[in-house]
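Here's the structure, in structure tokens; my notes come after.
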Amino acid sequence: GHAPGYLSALPLFSRSTRRGAPVALEPHGFSGTRARRHRGVRLVHVTPAHQSPTGVTMPVSRRLELLDWAAQAGCWILDDDYDSEFNYDGAPLAALKSLDRADRVIHCGSFNKTLFNALRIGYAVLPRPLVADFARARYLTGRSSSIVEQMTLAAFLESGGFARHVRRARAIYAQRRDRVLRMLRQAAGAAPLRVSGEHAGFHLVWWPPPGFDVAALLARARTRGLGLQPVAQFCRRVSWPAGVVIGYSARQEADLDGLEALLREVAGVS
């Protein structure tokens with residue numbers, strides 16, 4: 001996977017492999033050149049639509065490079081598609097699976113973020129050679145998804161209700177994102193605003209200007225329950241500049257007011 005990346009996935013992989021190696025993230029996402037330095041890779045975990053946590057979108061050229069490497073190395077690609085339904089500034093790029101001529105991509109997603117966590121229904125678009133193995137693993141590890149809930153969800157999808165829900169949610173989240181960007185612009189003062197991942201998903205990363213007291217911001221946010229995270233929290237074996245992961249999709253007006261007040265306070269803006 002990437003570094004920084006989604007560290008919660010590591011315990012899952014560690015159960016099945018003796019060795020995992022993070023690949024350092026580059027400005028345009030996953031690097032096939034860096035990946036080629038590792039021998040005997042069986043699986044690579046990526047978030048190309050909206051890298052976790054930086055929000056970088058992997059360009060098509062990098063996607064093709066990744067697919068080419070996987071085909072040559074005989075490696076599977078796990079595309080963790082956790083938020084690609086939410087693009088605010090344009091259409092999303094073609095999914096890895098749609099470019100996958102060698103049938104190496106395992107495309108996984110769920111409805112945890114688009115609907116609600118308690119639904120506990122996910123999906124996978126699998127390479128043909130893996131279908132039987134995945135079906136058996138599903139049989140052995142948990143057949144707990146309610147048939148009634150699956151049928152209800154299928155009807156919701158087929159009726160167009162899900163698409164309408166996503167469109168409405170996208171408009172609301174875009175407004176919340178825009179407000180966060182305005183408050184960050186104000187907190188940055190005369191310095192240029194540096195953010196990544198603001199074009200899609202449920203969060204963005206703010207890279208504060210030199211001199212900004214990031215430690216104070218994070219400490220006070222923790223005390224006030226405002227849910228800010230340092231990018232360093234997503235790193236193992238690599239160090240990154242001081243960035244702040246800011247989720248916005250679930251923030252109500254009162255929470256946004258609190259975040260704005262905190263930013264003004266730490267930035268010394270009256």
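In the UniProt record's numbering, the protein residues as written are 1 to 270. In this text, a Cβ means the ideal position worked out from N, Cα and C, and glycines have one as well. Keep in mind the model is a prediction, meaning the values are calculated, not measured.
Determine, using beta carbons only, whether residue i and residue j come nearer to each other than 8 Å.
i	j	result
residue 44	residue 78	yes
residue 200	residue 50	yes
residue 249	residue 173	yes
residue 220	residue 262	yes
residue 170	residue 86	yes
residue 90	residue 198	no
residue 64	residue 99	yes
residue 218	residue 258	no
residue 228	residue 245	yes
Residue i by DSSP, collapsed to three states: which one?
i	result
residue 74	coil
residue 68	helix
residue 98	helix
residue 59	coil
residue 50	coil
residue 41	coil
residue 117	helix
residue 93	coil
residue 142	coil
residue 135	helix
Alpha carbon to alpha carbon, how far is residue j from residue i? Give it in angstroms, no decimals.
i	j	result
residue 243	residue 57	17 Å
residue 151	residue 196	38 Å
residue 154	residue 230	38 Å
residue 240	residue 26	11 Å
residue 264	residue 39	49 Å
Under a Cβ-count criterion, where at least 16 other Cβ atoms within 10 Å of its own Cβ denotes burial, should residue i be classed as buried or exposed?
i	result
residue 47	buried
residue 234	buried
residue 147	exposed
residue 266	buried
residue 96	buried
residue 61	exposed
residue 131	exposed
residue 191	exposed
residue 84	buried
residue 59	exposed
Do the segment 95–111 and the segment 119–126 touch if we need at least three Cβ pairs shorter than 8 Å?
yes
Is it the case that the segment 65–77 contacts the segment 92–107, given that we only count it when at least three CB pairs across the two stretches are under 8 Å?
yes
Any 3 or more C-beta pairs closer than 8 Å across the segment 195–211 and the segment 165–181:
yes
Cβ contact (3+ pairs, closer than 8 Å) linking the segment 32–41 and the segment 184–195:
no
Is the segment 138–154 close to the segment 213–228, with three or more CB pairs under 8 Å?
no
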